[in-house]
Structure formats: structure tokens, C-alpha cells
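Working notes, structure below.
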Amino acid sequence: MSNPLAPDWLSVPGDANLLDSRLWPDGVARGNRDELTIHGVPASRLVADYGSPLYVVDLDTVRRRAAWIRDVMTSAFEAPGRRVRVYYATKALLAGDVLHVIRQEGLGADVSSAGEWTAATRAGIDPSDIEYQGNNKSDAELHQAVQAGVGAIVLDSAQEVRRVAAVATAVGVTQPVMIRVNTGVHAGTHDYLATAREDQKFGIARSDIPEVADAIRAESSLTLIGLHSHIGSQIVSPDGFVEATTRVLELYERLSADHPLGVLNIGGGFAIPYTPSDPESNVEVIAGRIAAEVNGFCDRTGIDIPVVACEPGRVIVGPAGITLYSVGTTKSVTVESESGEAERLYVSVDGGMSDNLRPALYGANYTARLANRASSAAPALVRVVGSHCESGDIVVHADYVPGDVAPGDILAVAGTGAYCHSLASNYNGFGRPALVVIEGGEARVGIRAESVDDVLSRDLGLALGVQHSQSGESGQ
Ligand SMILES: Cc1ncc(COP(=O)(O)O)c(C=O)c1O
Numbered sequence: 007m008s009n010p011l012a013p014d015w016l017s018v019p020g021d022a023n024l025l026d027s028r029l030w031p032d033g034v035a036r037g038n039r040d041e042l043t044i045h046g047v048p049a050s051r052l053v054a055d056y057g058s059p060l061y062v063v064d065l066d067t068v069r070r071r072a073a074w075i076r077d078v079m080t081s082a083f084e085a086p087g088r089r090v091r092v093y094y095a096t097k098a099l100l101a102g103d104v105l106h107v108i109r110q111e112g113l114g115a116d117v118s119s120a121g122e123w124t125a126a127t128r129a130g131i132d133p134s135d136i137e138y139q140g141n142n143k144s145d146a147e148l149h150q151a152v153q154a155g156v157g158a159i160v161l162d163s164a165q166e167v168r169r170v171a172a173v174a175t176a177v178g179v180t181q182p183v184m185i186r187v188n189t190g191v192h193a194g195t196h197d198y199l200a201t202a203r204e205d206q207k208f209g210i211a212r213s214d215i216p217e218v219a220d221a222i223r224a225e226s227s228l229t230l231i232g233l234h235s236h237i238g239s240q241i242v243s244p245d246g247f248v249e250a251t252t253r254v255l256e257l258y259e260r261l262s263a264d265h266p267l268g269v270l271n272i273g274g275g276f277a278i279p280y281t282p283s284d285p286e287s288n289v290e291v292i293a294g295r296i297a298a299e300v301n302g303f304c305d306r307t308g309i310d311i312p313v314v315a316c317e318p319g320r321v322i323v324g325p326a327g328i329t330l331y332s333v334g335t336t337k338s339v340t341v342e343s344e345s346g347e348a349e350r351l352y353v354s355v356d357g358g359m360s361d362n363l364r365p366a367l368y369g370a371n372y373t374a375r376l377a378n379r380a381s382s383a384a385p386a387l388v389r390v391v392g393s394h395c396e397s398g399d400i401v402v403h404a405d406y407v408p409g410d411v412a413p414g415d416i417l418a419v420a421g422t423g424a425y426c427h428s429l430a431s432n433y434n435g436f437g438r439p440a441l442v443v444i445e446g447g448e449a450r451v452g453i454r455a456e457s458v459d460d461v462l463s464r465d466l467g468l469a470l471g472v473q474h475s476q477s478g479e480s481g482q
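Residue numbers 7 to 482, in our numbering, belong to the letters of the sequence shown in order.
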């Protein structure tokens, strides 16, 4: 029977052990003794070998999804004389093993910091296949990228025109740049994930674009190659994408009057499902709708768009990752509800907001499954919580798992490939968990876990050999 504390979207599963294939990486199944396995590797073995909590990323799923997005975009936008470029948004998951797959599948990289730049180039992605984003890039970051031959700098403010021009002049190159257009489109997503409303920090207002374009064209060290729009993240409906494209194309036409442009970048933001009741963005439909808009524009105006680009992150790596946690404590709490008293089972695990900030940051929902065994116990409404000193330290807000979940069990949380490791912190002095990759059925460490010594090693006040005087002592 449904628990009155459960949110409306959550129904009681017939079998709380079932794994919805839309949410889990390829190759996740229940193997021997009904344990959750990933390409045959049991969850308990991964935890025994690599520790807990543990991020597990299936590289075969990353590869399949990267190729799928590349092919969907190519077939939607392909036209005589036009190239399609997909830039992986490295902020979603910055890991060398993932970047190698991205490069092998022919994708470029979208970076927005020296760290992301360095990781992408060290993984062998050619600088000319990298786009540099960001609303406040430093001169040092710009210099490093321009000197190496970055494919494009996406300008995010009028002030950046002079800044990038000065760097390009100092380096002695003509730097290709794009303008990030704030289209004013209100895509239906969380406020913190919407990036094209008027009242936020990203992009340049449409009314200011012609002036910024003139300023760029007045700089001999810059060449304006195109326009860019990213309306936000975790967006399901095609409508916002289409509306943003229409608005960018109006500018494209205006700016092409004297000098042709080369690139239209439609950004990223395709939604993935995190729970069985979540809708999934239909990338084929979104790409088809945008392509119809772009092709109609080219036919009507006679203007070419030689390169159509996009920069998805979540849709490539999100469903490729899971997190394994060990259960430490369970606690049943009685809560007053409209239909009387109800019980919620709090399940405390050994990680939390330090390895997945999204529930605290956006109220994001996730799905949890018992991983080390299956159980026929009746499903109980649980809230999976972390070990941190915040009551908002929630891993899974609401789900049904077998009611006999107990200390020592392993829980697997689906869809943690994107924006979990990359948003991780050392809150409460926690070391960030290891990230294990699985490729061809073999597990290996992709990013090692941080030990407490790693975490404290930057604190010079705790360095070995440093003696501190106690308060009140003279220090002599
Ligand atoms: C400019 C830009 N491009 C691309 C992305 C990737 O978005 P997603 O991971 O939702 O595809 C982001 C994410 O915030 C972004 O800010």
C-alpha cells in the first residue's frame, strides 16, 4: 500500500528489486544470488576491492551514448557543405578515461576552467577541438588556451572582447571567437539550471549583440565565427530549444549581412530520467525540430550555416554512472500526515552531499536499489541520507526499497555519472570516493579515492613538524 508520505510521482513497485533499464548503465543486472552486477562484476566485489562509497562508470555506456549523440546530430543537421560538431561538456564528469573515449568517438570538448582545459588536452583532445566557455575567464586561462590554439573562445560579456583581443595580440594570433547569446528563453527546468533567463549571469542580451559584434570586428586579433546559445540543463521539451534557435537565427541573419559567420552552437541540456516516472528528453525529436528551423532559415535567407555544433554533457555520462554506498544505520521515524501517522525509514549511508550535491542544490530525485542481494520483504518508503552534519544531506529523497534493508547492505543509486563526482567536496573532512571504470567487463581505478591525509595535506597548519604554541604561552 502507498505510504502517505510518498510524493505523488512515486508508486509502490510490484518488485522493489527490479532495475529500470532506462536509469542504469548497460550491463547492469541481477546475477548470482540476485546481487546487482555490472557487466558481470558484483557490486559487493567492487566495494570490497575499491571501497565505499564508490562511483562506478561504465565506459562502454559512455562510448555508446557519445556515438549515439554524434550520429543523431549528424543525421539531423547534415547538409551539403555543412559539418556537425559535438563538444562534450567536460563539467559533467571530468575523468581521463571518459575524455579518452570522447576523443576516440570524434567529439571535441567544451571547457570552462584551467582544470578542464588541462584535463582535456592531457587526454589528447586537440586544442582546435576545444571551445572555451565561462562568464569570468581569467587572463591566465585565456592566455594558456589562445597560445595553444584553442578552437574558439565563447565570449560571455562585452568586456571580454578587449580582454581576449589583448591576449591574442600578445600571443600574435587571430583568435576565433563566438558570442554567447542570452536568448531570454525560459526553459522549464530548475531556476539554478536555467541559463538563458534575462536575470542571470550568462551570455549577452540580444539587444547588445550587434554592438558587441561590431566591437569584435574592429579588433584585428579576433575573428567572429559564430553564435552560441545554451538555455539550461535537464530540459525535456523541444520547445525552448526551438524558440532559442529562432532568436539566435534572427541575429545570425543580421550579423551575416556584411561578413559571413560560420558556426551555430545550440548548446547542451538534454534531460535524462533519474526515477522510473521521469520523462526522458527525446534527442532525436529535439534535433529534428531544431534542424527544421535551421534548414528553413537557410532556404529562406540563402545564408549558409557551415557548422552546426552542440555541447551535451549529462545525456552522455549521466546514465553511465552509479554510486555504491554501504548502509550504516537505519531509523524508522513516525510522521504526522493528512491521513494519520505514517512511517518513513531513514537509511544512513557512508557518503552524502560530499559525493552528490544535486539533491541539496536542486532538490534532485534519484533511485536506489538494494545491490548486495535481492529481497522479498515488502517495500518500505525510505529516505537515503548521508553522514554529514546537515539535515539537507539527502541522497535519495524518496524511494521504495525492501523493508528489511539493514546495516551492512549495499545500496546502488542510479544515474550518478553526471554532476556528482564533478560537484564533490571535502565537507566534514571526507575524502572524495574513488571512481572505478568498467570497460569490456573489467574494472579498474579511474580516479583514486582521497585519503584523510590527502584531504589534510593542503593544510600547512597541520604539516608534520609544525608545532603550535598553546594559547597563553609566550611562544619561547
Ligand atoms: C554552456 C554550457 N554548455 C553545456 C552544458 C552541458 O549541459 P548538460 O550537461 O545538461 O548537457 C552546460 C551545463 O551547465 C553549460 O553551462
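Quick reminder that beta carbons are idealized off the backbone N, C-alpha and C, glycines included.
### Message
According to DSSP, simplified to helix, strand and coil, what is S354?
### Response
Residue 354 sits at position 348 when you count from the first residue of the sequence shown. Three-state DSSP puts S354 in a strand.
### For P279: DSSP bridge partner residues
Position 273 of the sequence shown holds residue 279. Residue pairing by DSSP places P279 opposite no residue, since no beta bridge is assigned to it.
### Query
When every heavy atom of ligand 1 is checked, does at least one fall within less than 7 Å of the C-beta of V152?
For the purposes of this step, residue 152 is taken as residue 146 along the sequence shown, with counting starting at 1. Result no, Cβ not under 7 Å from ligand 1.
### Query
Any heavy atom of ligand 1 closer than 7 Å to the CB of P318?
The residue you call residue 318 lines up with position 312 of the sequence shown. Yes, the Cβ of P318 comes within 7 Å of a heavy atom of ligand 1.
#### Entry: At least 3 beta-carbon pairs within less than 8 Å: the region 320-330 vs the region 407-426
The region 320-330, when compared against the region 407-426, does touch it at the 8 Å Cβ threshold.
### Task
Let me know the secondary structure DSSP gives L16 once reduced to three states.
In the sequence shown, residue 16 corresponds to position 10, counting from 1. If DSSP states are grouped into helix, strand and coil, L16 belongs with coil.
### Query
Just how far apart, CA to CA, sit V401 and G57?
As a working note, residue 401 is residue 395 in the sequence shown. As a working note, residue 57 is residue 51 in the sequence shown. Cα to Cα, the separation comes out at about 18 Å.
#### Entry: Whole-angstrom distance between L351 and K337, CA atom to CA atom
For the purposes of this step, residue 337 is identified with residue 331 of the sequence shown, where counting begins at 1. For the purposes of this step, residue 351 is identified with residue 345 of the sequence shown, where counting begins at 1. Near 6 Å, if we compare the C-alpha coordinates of L351 and K337.
### Message
At the level of alpha carbons, what is the spacing between P59 and T373?
### Response
For the purposes of this step, residue 59 is identified with residue 53 of the sequence shown, where counting begins at 1. For the purposes of this step, residue 373 is identified with residue 367 of the sequence shown, where counting begins at 1. Each residue's Cα considered, the two are about 16 Å apart.
### Message
Using DSSP's beta-bridge definition, name the partner residues of I444.
### Response
As a working note, residue 444 is residue 438 in the sequence shown. Paired residue(s): D64, A449.
### Query
Less than 7 Å between the CB of H236 and some heavy atom of ligand 1, yes or no?
Position 230 of the sequence shown, counting from 1, holds the residue named residue 236. Yes - ligand 1 has a heavy atom lying nearer than 7 Å to the Cβ of H236.
### Task
Taking 8 Å as the threshold, find out whether the region 351-361 comes into contact with the region 383-398 through three or more Cβ pairs.
yes
### Message
To the nearest angstrom, how far is the alpha carbon of V312 from that of R89?
### Response
Here the question's residue 312 lines up with position 306 in the sequence shown. Here the question's residue 89 lines up with position 83 in the sequence shown. In the sequence under discussion, the amino acid at residue 312 is Pro, which differs from the Val named in the question. A straight line joining the alpha-carbon of P312 with that of R89 spans about 6 Å.
### Message
Which residue wins for smallest C-alpha separation from S457, given the options G446, I210, A146, F436?
### Response
As a first step, residue 457 must be located in the sequence shown, where it is residue number 451. Out of G446, I210, A146, F436, F436 has the C-alpha closest to the C-alpha of S457.
### Query
Measuring from the CB of Q206, is there a heavy atom of ligand 1 at a distance below 7 Å?
Numbered from its first residue, the sequence shown carries residue 206 at position 200. No, Cβ of Q206 sits at least 7 Å from all heavy atoms of ligand 1.
### Task
Spatial neighbours of R295 within its chain, please: CB distance less than 8 Å, with the 5 preceding and 5 following residues excluded, ordered by chain position.
Residue mapping note: residue 295 aligns to position 289 of the sequence shown, counting from 1. Non-local beta-carbon contacts of R295 in its own chain, meaning distances under 8 Å to residues more than five positions away in sequence, involve P244, F247, V248 in chain order.
### Task
Could you check what DSSP says for S360 in three-state terms: helix, strand or coil?
Here residue 360 corresponds to residue number 354 of the sequence shown, with the count starting at 1. In this structure, S360 counts as coil in the three-state DSSP scheme.
### Task
Drop a sphere of 10 angstroms on the beta-carbon of L16, count the other beta-carbons inside from all chains shown, and report buried for 16 or more, exposed for fewer.
Residue mapping note: residue 16 aligns to position 10 of the sequence shown, counting from 1. With 16 or more Cβ atoms within 10 Å of its Cβ, L16 is classed as buried.
### Task
Grab me the residues of D169's own chain with a C-beta within less than 7 Å of its C-beta, minus the 5 sequence neighbours each way, in chain order.
Taking the first residue of the sequence shown as 1, we reach residue 169 at position 163. One detail in the question is off: residue 169 reads as Arg in this sequence, not Asp. Cβ within range, chain order: D145, L148.
### Task
Would you identify the three-state DSSP class for Q482, choosing helix, strand or coil?
Here residue 482 is taken as the residue at index 476 of the sequence shown, counted from 1. Unreliable placement is indicated for Q482, whose pLDDT of 41 sits below 50; no coordinate value is reported for it.
### Message
I believe R212 touches L261 by the beta-carbon criterion, under 8 Å. Please report the beta-carbon distance rounded to the nearest angstrom.
### Response
Position 206 of the sequence shown, counted from the first residue, corresponds to residue 212. Position 255 of the sequence shown, counted from the first residue, corresponds to residue 261. Wrong, their Cβ atoms sit about 11 Å apart, outside the cutoff.
### Query
Under a Cβ-count criterion, where at least 16 other Cβ atoms within 10 Å of its own Cβ denotes burial, should G478 be classed as buried or exposed?
Walking along the sequence shown from the start, residue 478 turns up at place 472. Note that G478 scores a pLDDT of 48, beneath 50, so its modelled location is shaky and nothing firm can be said.
### Message
Pairs of beta-carbons, one from the region 269-278 and one from the region 45-57, closer than 8 Å: are there three or more?
### Response
Taking 8 Å as the limit for Cβ pairs, the verdict is that the region 45-57 does not touch the region 269-278.
#### Entry: Beta-carbon proximity of V62 to L330, cut-off 8 Å
Reading the sequence shown from its first residue, position 56 is the one you call residue 62. Reading the sequence shown from its first residue, position 324 is the one you call residue 330. Yes, the pair counts as a contact, with Cβ atoms nearer than the cut-off.
### Task
Pick helix, strand or coil for G114, following the three-state DSSP scheme.
As a first step, residue 114 must be located in the sequence shown, where it is residue number 108. Reduced to three states, the DSSP call for G114 is strand.
### Query
In or out: A129 buried (at least 16 other Cβ within 10 Å) or exposed?
Locating residue 129 in the sequence shown gives position 123, where the first residue counts as 1. So A129 ends up on the buried side.
### Task
Ignore the nearest five residues each way along the sequence and tell me which others in V152's own chain have a CB closer than 8 Å to its CB.
One-based indexing of the sequence shown puts residue 152 at position 146. Hits under 8 Å: I159, V170, V173, A174, V177, V179, Q181.
### Message
At a cut-off of 7 Å, would you count G273 as near ligand 1, judging by its Cβ distance to the nearest heavy atom?
### Response
If you number the sequence shown from 1, residue 273 lands on position 267. Yes, the beta carbon of G273 sits closer than 7 Å to at least one heavy atom of ligand 1.
### Message
With H, G and I counted as helix, E and B as strand and the rest as coil, what does DSSP make of R1?
### Response
In this structure the chain extends from 7 to 482, so residue 1 is not present and cannot be described.
### Own chain, CB closer than 6 Å to S287, minus 5 neighbours either side, in chain order
Within the sequence shown, the letter at position 281 stands for residue 287. Closer than 6 Å at the Cβ level, and outside the excluded window around S287, lie V242, F276, A277.
### Task
Indicate, with yes or no, if ligand 1 has a heavy atom lying under 7 Å from the CB of V63.
Locating residue 63 in the sequence shown gives position 57, counting from the first residue. Result no, Cβ not under 7 Å from ligand 1.
### Task
Return the CA-CA distance between S463 and T124, expressed in angstroms with no decimal places.
Working through the sequence shown from its first residue, we reach residue 463 at position 457. Working through the sequence shown from its first residue, we reach residue 124 at position 118. One C-alpha to the other measures close to 22 Å.
#### Entry: Three-state secondary structure assigned by DSSP to E204
Taking the sequence shown and counting its residues from 1, one reaches residue 204 at position 198. DSSP, reduced to helix, strand and coil, places E204 outside both helices and strands of the structure shown, so it counts as coil.
### Query
Secondary structure at T335, three-state DSSP: helix, strand or coil?
On the sequence shown, position 329 is the one that residue 335 refers to. Note: T335 maps to strand in three-state DSSP.
### Message
Mapping the DSSP letters down to three states, classify Y425 as helix, strand or coil.
### Response
Here residue 425 is taken as the residue at index 419 of the sequence shown, counted from 1. It is coil, neither helix nor strand.
### Query
With a Cβ-Cβ cutoff of 8 Å, do R320 and Q206 count as a contact?
Counting from 1 along the sequence shown, the entry for residue 320 is found at position 314. Counting from 1 along the sequence shown, the entry for residue 206 is found at position 200. Result no, Cβ atoms of R320 and Q206 do not sit closer than 8 Å.
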